[in-house]
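Input: a single structure, listed below in structure tokens.
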Amino acid sequence: MITSVFGGLRRQPLTALCVGLLTSVAAQAASAADCPGHPDAIGTSRTIVVDPRAHPMIGTMQYAKTLPLADREVVLTFDDGPLPKYSNQILDILAAHCAKATFFLIGRQANGNPEGVRKVRDAGHTVATHSQNHPTGMDRLPLDRSKQEIEQGIASVTAALGDGTAPAPFLRIPGLRVNNGIEEFAASKGLQLWSADFPADDWRDVSANRVYELAMQRLEQKGKGILLLHDIQPRTVAALPRILRELKTRGYRIVHVVPATPDRPATPTEPQQWQLHPPSEMVAISRWPKVPKFASAGPAALPVPALSDLDWHTTDLGARTSRRGRGVPLPPVTLWPRQTTLAPAGTLVALPVPAASLFKLPESAQLTMLAPSARWSASAAQARATEVSSAKLASKSRRHGHAAAGQPPASAGQTAQAPQSAAGTVAKPAAQAKRNGRSVRVAGLKKR
Ligand SMILES: [Zn+2]
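Structure (structure tokens):
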């Protein structure tokens, strides 16, 4: 069933909120009724339709955005199948709980077990892809090889489906090892790159109990999100029933995700719903302007500046130097050889536009700017407190003539760290506080 997105309705009128509540409750009630013979099943509370082109990269393990989930909503994903021995058991467990998931299938596995691909589809799950051969370190492969892996994977799963339909345009890169080239290629093909919000480490040599614990602990930390599992692992088969039962006990709900098609429009959402924890609208925060997309902003080239636009070649260096009164005028012509040859005017008319990636902000910076966390404020407060105590100690030692006049109180460690440079002596208070808070606790102690 497809219901409206429940979260992020703060701005909408009360009537809309009520409708949303009723729809959500109805969806949950329906899910239990839809799972005959399994009264304790968690079911699937709703299905959301997403447009990959509108949101090409999701999952907070790597990206700023994730699926537009409400609190306590979970999306189940399974990688690396189909492997009949375990994948079939995973399908049975999901069927017994009426829980719908997304399967990221490997092309080579699909070639070997086309029946397994059709079972995933026929059970109503979303069929997605995970490369042809699951290369480790895809980010280090030549881009052409990566493209081939992605396209072959899709072709193999399409062939296994055997009904002329294609898998969902959802792609998960093996080991999440992406690079800019892979991301740009996926976006150009209309593929949505799925990272995850939390794994349960079920590919590692851990017990089924540990998989269960990690899944629940990490989910509790984030409150909602995309869970990354593998349907080829016996420990996952063993852990999954317990995970599903516990999800239901703790009030979590399963959400199924399908791609938008011409006759199935995307579920309407607000932009902030695509953040895992959107900042509260009650708190004023500063937002940096978005980096514009230079590549598509205009013509693909910029005009070359004309020689006449530059004024350096007309400057009389000799005259300027003698005006300064240094006594030795520079020769009117430079003595060092000038190797630069300028193209005759008119032959070169365009320069390449700088790539948009040059202006890309690092993920960590984006997250910090978008959602300043409570932890951040706490550490800033701690740093301030430490600064005050450092200042007290420093003023004590100043009485003994240790501190330079006019300088802010500085510890020995700091002085050694920032020698003499102008930037060092006028270091910003925040940066200084951070340094104090992290490494220099007491004036006179050495930096760790
Ligand atoms: Zn994998």
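According to the working numbering, the residues represented by the sequence shown are 83 to 530, in order. Beta carbons are placed, not taken as given, at the ideal position from N, Cα and C, and that holds for glycine.
Here K304 has D279, F280, L358 as same chain residues with Cβ atoms under 7 Å from its own Cβ, once five neighbours each way along the sequence are excluded. Distances from the CB of D161 to the heavy atoms of ligand 1 include at least one below 7 Å.
In this structure, the C-beta of P256 approaches ligand 1 to less than 7 Å from one of its heavy atoms. Membership of V337 in the beta strand (DSSP E) is indicated by the continuous run 335-341.
In this structure, H137 has its CB at a distance of at least 7 Å from all heavy atoms of ligand 1.
If you check the C-beta of H207 against ligand 1, you find no heavy atom less than 7 Å away.
Rounded to the nearest angstrom, the Cβ distance from D284 to Q315 is 5 Å, consistent with a contact under 8 Å.
Residue pairing by DSSP puts W276 in a beta bridge opposite I140. Here E266 has no same chain residue with a Cβ atom under 6 Å from its own Cβ, once five neighbours each way along the sequence are excluded. In the DSSP assignment, T129 falls within the unbroken beta strand (DSSP E) covering 128-132. Between D133 and A348 a beta carbon distance of about 4 Å is seen, short of the 8 Å cut, so the two are scored as contacting. K306 counts as buried, since at least 16 other C-beta atoms from the protein chains shown sit within 10 angstroms of its C-beta. Comparing C-alpha distances from T184 to each of L158, A438, Q191 shows the shortest one belongs to L158.
A Cβ-Cβ separation of about 12 Å leaves A297 out of contact with A320 under the 8 Å criterion.
In the three-state DSSP reduction, V260 falls in the coil class, being neither helix nor strand. Taking a 10 Å sphere around the C-beta of F441, we find fewer than 16 other C-beta atoms and assign the residue as exposed.
When distances are taken from the beta-carbon of H212 to the heavy atoms of ligand 1, the shortest one is below 7 Å. Counting only runs that start and end inside the segment 191-264, the beta strand (DSSP E) elements of at least 3 residues fall at 208-211. With a 10 Å radius around the Cβ and a threshold of 16 neighbouring Cβ atoms, P353 comes out exposed. Bridge partners of V156 according to DSSP: G307, I336. Residue A181 holds the alpha-carbon nearest to the alpha-carbon of P118 among P360, G333, R286, A181. Within the DSSP secondary-structure output, D161 pairs in a beta bridge with F186, H312. At least one heavy atom of ligand 1 lies closer than 7 Å to the C-beta of H216.
Per DSSP, reduced to three states, the secondary structure at A269 is helical.
The alpha-carbon separation between P164 and K201 amounts to approximately 9 Å. A348 sits in coil when the DSSP states are folded into three classes, being neither helix nor strand. Annotation: the continuous alpha helix (DSSP H) that includes A177 extends over 166-178. In the displayed model, A432 falls within a strand according to three-state DSSP.
Annotated three-state conformation of P323 is helix, per DSSP.
In the structure shown, K442 adopts coil according to DSSP, grouped into three states.
Around the beta carbon of P150, a 10 Å sphere encloses 16 or more other beta carbons of the protein chains shown; the residue is thus reported as buried. In this structure, Q274 sits near I140, with a CB-CB distance shorter than 8 Å. If you ignore the 5 residues before and after S439, its C-beta comes within less than 6 Å of the C-beta of N262, all in its own chain and listed in chain order.
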